[in-house]
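Undergrad: Okay, here's the structure, questions in a sec.
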Amino acid sequence: MNTSVLTLQEYEFEKQFKENEAIRWMQENWKKLFLFSALYAAFIFGGRHLMNKQAKFELRKPLVLWSLSLPVFSIFGALRTGAYMVYILMTKGLKQSVCDQSFYIGPVCKFGLMHLY
80 MNTSVLTLQE YEFEKQFKEN EAIRWMQENW KKLFLFSALY AAFIFGGRHL
130 MNKQAKFELR KPLVLWSLSL PVFSIFGALR TGAYMVYILM TKGLKQSVCD
180 QSFYIGPVCK FGLMHLY
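In our numbering, each number is its position in the sequence shown, counted from 1, plus 79.
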């Protein structure tokens, strides 16, 4: 197996994330995705119907914080994974960027899995 040589410095929260356990859990529980998706849709549409006549909650500040945290997480993840992708493209080429198996270990994998959760 041909692995890449780029080593990214891992942050403490990345060291605590156990990618093997996460991958195993996803492989064992992928069918639950359909149940969770249906429950989510029922919650959103059912909640909208139930709350239609209720007084509005003042959630502007929590929603602003939530909305700001999403792009911050995405930008940080894009920087972490983008640096790796650029490295692979520049040193190994397009074919290796598609076939590279070293994505499944280290910080790049962890961000991919954290994005799924």
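Glycine is no exception: its CB is placed at the ideal position from the N, C-alpha and C atoms.
1) For lysine 189, does the three-state DSSP call read helix, strand or coil?
2) Among residues of its own chain, excluding the 5 on either side of threonine 160, which ones have a beta-carbon nearer than 8 Å to its beta-carbon?
3) Note down the Cα distance separating leucine 118 from tryptophan 145, rounded to an integer number of angstroms.
4) Going by DSSP in three states, lysine 140 sits in which element: helix, strand or coil?
5) Roughly how many angstroms separate the alpha carbons of valine 165 and isoleucine 154, rounded to a whole number?
6) Under the three-state reduction of DSSP, which class applies to tyrosine 90: helix, strand or coil?
TA: In terms of the structure at hand:
1) Annotated three-state conformation of lysine 189 is helix, per DSSP.
2) The beta carbon of threonine 160 is closer than 8 Å to those of Val187, Phe190, Gly191 in its chain, skipping five residues each way along the sequence.
3) Rounded to the nearest angstrom, the two C-alpha atoms are 22 Å apart.
4) Here lysine 140 sits in helix by DSSP.
5) Distance between the alpha carbons of valine 165 and isoleucine 154: 16 Å.
6) Tyrosine 90 falls in the coil class under three-state DSSP.
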